[in-house]
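Participant: Input: one structure, supplied below.
Residue numbers (the working numbering), protein chains in the order written: chain A, 1 to 335; chain B, 336 to 670.
Given below as structure tokens:
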């Protein structure tokens, strides 16, 4: 094991693949891998990429990877698909990808499909990112399917978040979710050669503008309470911009890479990089705590007892609050 | 408080609104409300409705509500939007809705927007459904924005799950997420008057067919291990079908209501209703356990200690696994 992880640190692709397989196998193996590698992480620029199905996300991720390779970056791609392996969706996407990017030793691709809980997937994804980070990948692209809050949580592990939209929502401003705009560091309208693209770009810019005025108001409040000297300089703010790309032809991809590099510089110079590292750390610790609690309950409370409580709640004989208190009493966590 | 909850049980709309406000205010108020009302729940048919932005979900939910009203059902609508109140999205949707359905005392509408964590939103949504259930609503429509795993989790609280798709994905079968098909009891292609609708319907039916063959294989396996008498009758299986609607004109809505009623009958007769109640109970208990653990850590571990640990993890001085073990040691949950 130590030998394997030493090889990971030397950048061996085979060792990376094997370490990732261990990480995916169980939480305890993930723990063994991460505790050893963790001190050697923190160098990679982790980029989260999220957007609805059909936005051409995977194609764009491939193009970004190629553009980053031209800048001599080693690129890791983690494609997270919380949907089940029912249709083999992750595998299919993988194969398309492999054909496109294979043969370049500077790119490593891994698909992550849900095998159990979403929490398990998020933990495994975090561990895989660490393996790639320790192996010396400069940029790690974490692509998530969809734009639900869970995907947002996974994107939260990133230093930089790209949100991809497809054209055709210009007539329906409500379909652009505010939460998505809030997490975006870089906004991209892909398939920008479609006629509806201009409307979508306009709608997104309008939403950003609305957000901007909210932010200004918020600053005013900060200034009031902060008193003199508490002024937030305009230069310290990152300005979210809307980019247009056509991933199938590569159009606009170079501009997005420039934005990614600029965002990294901004994070480092403003101190925001460390703030995001702390947010990520807090989230990871919480996830591990919750997983550990459930594990402990599984070990200490007999299955029959757990099933009986669940049946009682389903039958309205007891309520879920009382049931959870009784479970906690079992492992002496109650008051 | 007891007075308020007695009024909820009598179906007072004002009491329901006030109880929901309490539920949203804090986890402890939700607990107080739910523990009292819980024995009086379990009667309502809870229907989860999920689908991507732009699929016309809200309009369809309104039409379903009206059709259910024509069948003398009391209808509760809970619109869950995990995006932040940043743009007032939930409020805007609400206003459109109110204009459309207001004046009918048989319909109660509530929007739920995220105020903190997604976990908090899922817990609050579960509690709101219980308030409406105890107040005597026959059908509760829980509408979630997007189709991420988190929305799937919320939909899991439902007895019946409707998945809505919009036309225009026929050329991109991968964009139909397998996970979404797996949770769907009823599939709907809305905006079916668009030319691309036929392709989408075809693609969905093809996916369903592929899923069907998987299921048959799975049954074969069950039969083998179950031996004689373990045969699963074909009639016991619910067949997921694809429906076409045009919510703006009401076309196809009546057929969807028929499917909803048929699914309820199927659940009751097959015993699946109770299975889903148990799944829901298990999930709720787990959510409450996790919330309680984090609450206990907040109370027992001094803020400075927590911040120090998080900073140490962010600085790579310790790893997240070690940090979480140290936190658990604080509340004596470690080994």
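Beta carbons are placed, not taken as given, at the ideal position from N, Cα and C, and that holds for glycine.
Residues of the stretch 306-320 of chain A with a CB closer than 9 Å to any CB of chain B: list them in chain order, please.
Facilitator: 306, 307, 309, 310, 311, 312, 313, 314, 315, 316, 317, 318, 319 and 320
Participant: Taking the beta carbon of residue 209(A) as the centre, do at least 16 other beta carbons fall within 10 Å, making it buried, or is it exposed?
Facilitator: Under this definition residue 209(A) is an exposed residue.
Participant: Specify the secondary structure class of residue 416(B) as computed by DSSP and reduced to three states.
Facilitator: strand
Participant: Would a C-beta distance cut-off of 8 Å place residue 463(B) and residue 581(B) closer than the cut-off?
Facilitator: No Cβ-Cβ contact shorter than 8 Å links residue 463(B) with residue 581(B).
Participant: Let me make sure I understand the geometry here. Which of 401(B), 458(B), 381(B) and 406(B) has the alpha-carbon closest to that of residue 320(A)?
Facilitator: 458(B)
Participant: Which chain B residues sit within Cβ distance under 9 Å of residue 187(A)?
Facilitator: Ordered by position in chain B, no residue passes the 9 Å Cβ test against residue 187(A), which lies about 14 Å from the chain.
Participant: In chain A, what lies closer than 8 Å to residue 369(B) by C-beta?
Facilitator: Chain A residues near residue 369(B): 319, 320 and 321.
Participant: Report yes or no: do three or more beta-carbon pairs, one from the stretch 383-399 of chain B and one from the stretch 608-620 of chain B, lie closer than 8 Å?
Facilitator: Not touching, per the Cβ criterion.
Participant: Looking at the secondary structure, which residues open and close the alpha helix (DSSP H) in which residue 260(A) lies?
Facilitator: 253-270
Participant: Taking the CB atoms as reference points, tell me whether residue 343(A) and residue 186(A) lie closer together than 8 Å.
Facilitator: Only positions 1 to 335 of chain A appear in this structure, which leaves residue 343(A) out of reach.
Participant: Who are the neighbours of residue 328(A) on chain B, taking C-beta pairs under 7 Å?
Facilitator: 624 and 627
Participant: So who's on the other strand from residue 578(B), going by DSSP bridges?
Facilitator: 523(B)
Participant: Measure how close the beta-carbons of residue 461(B) and residue 492(B) come, nearest whole angstrom, since I'm counting them as under 8 Å.
Facilitator: Indeed, because the Cβ distance is near 6 Å, the residues count as touching under 8 Å.
Participant: I'd like the list of long-range same chain contacts for residue 9(A), defined as Cβ closer than 8 Å, with 5 residues on each side in sequence excluded.
Facilitator: 37, 40, 134, 135 and 136
Participant: Using the Cβ count rule (16 or more neighbours within 10 Å means buried), how would you classify residue 445(B)?
Facilitator: buried
Participant: Which partner residues of residue 544(B) appear in the DSSP bridge assignment?
Facilitator: According to DSSP, residue 544(B) bridges with nothing at all.
Participant: Nearest by alpha-carbon distance to residue 475(B): which of 606(B), 528(B) and 414(B) is it?
Facilitator: 414(B)
Participant: Extract the residue ranges of the beta strand (DSSP E) inside the stretch 345-412 of chain B, only unbroken runs of 3 or more that lie entirely within it.
Facilitator: As far as the stretch 345-412 of chain B is concerned, its whole beta strand (DSSP E) runs of at least 3 residues are 380-386.
Participant: Assuming contact is defined by CB atoms lying nearer than 8 Å, are residue 65(A) and residue 77(A) in contact in what I supplied?
Facilitator: yes
Participant: If contacts are defined as beta-carbon pairs under 8 Å, then residue 540(B) and residue 577(B) qualify, I think. What distance do you get, rounded to the angstrom?
Facilitator: 6 Å
Participant: Alpha carbon to alpha carbon, what distance is there between residue 338(B) and residue 347(B)?
Facilitator: 12 Å
Participant: Let's test the definition: count the other Cβ atoms within 10 Å of the Cβ of residue 1(A) and tell me whether it reaches 16, buried, or not, exposed.
Facilitator: exposed
Participant: Mark residue 143(A) as exposed unless 16 or more other C-beta atoms lie within 10 angstroms of its C-beta, in which case mark it buried.
Facilitator: buried
Participant: What residues in the stretch 28-52 of chain A have a beta carbon less than 7 Å from any beta carbon of chain B?
Facilitator: 31, 34, 35, 38, 39, 41, 42 and 52
Participant: Check whether the Cβ atoms of residue 74(A) and residue 103(A) lie closer than 8 Å to each other.
Facilitator: no
Participant: So with Cβ pairs under 8 Å, would you call residue 14(A) a contact of chain B?
Facilitator: Residue 14(A) does not count as touching chain B.
Participant: Of the residues that make up the stretch 266-291 of chain A, which ones have a beta carbon closer than 8 Å to any beta carbon in chain B?
Facilitator: 274, 277, 278, 280, 281, 282, 284, 285, 286, 288, 289 and 290
Participant: Let me know the secondary structure DSSP gives residue 478(B) once reduced to three states.
Facilitator: strand
Participant: Looking only at C-alpha atoms, which of 603(B), 591(B) and 612(B) sits nearest to residue 572(B)?
Facilitator: 603(B)
Participant: Which residue wins for smallest C-alpha separation from residue 523(B), given the options 340(B), 390(B) and 366(B)?
Facilitator: 390(B)
Participant: Could you check the C-alpha separation between residue 266(A) and residue 658(B) for me, to the nearest Å?
Facilitator: 29 Å
Participant: Can you tell me the Cβ-Cβ gap for residue 182(A) and residue 51(A), rounded? I've got them flagged as a contact below 8 Å.
Facilitator: Going by Cβ atoms, the distance from residue 182(A) to residue 51(A) rounds to 15 Å, so no, they are not a contact pair.
Participant: What's the C-alpha gap between residue 644(B) and residue 306(A)?
Facilitator: Their Cα atoms are separated by approximately 33 Å.
Participant: Give me the chain B residues within the contact set of residue 324(A), using Cβ-Cβ distance strictly less than 7 Å, ordered along the chain.
Facilitator: 620, 623, 624 and 627
Participant: Would residue 510(B) count as contacting chain A if we go by Cβ distances under 8 Å?
Facilitator: Since pLDDT at residue 510(B) reaches only 48, below the 50 mark, its modelled position is unreliable, and the value read off the structure follows with that caveat. Yes, contact with chain A.
Participant: Rounded to whole angstroms, what's the CA-CA distance from residue 196(A) to residue 473(B)? Just pull it up for me.
Facilitator: CA-to-CA, the gap between residue 196(A) and residue 473(B) works out to about 42 Å.
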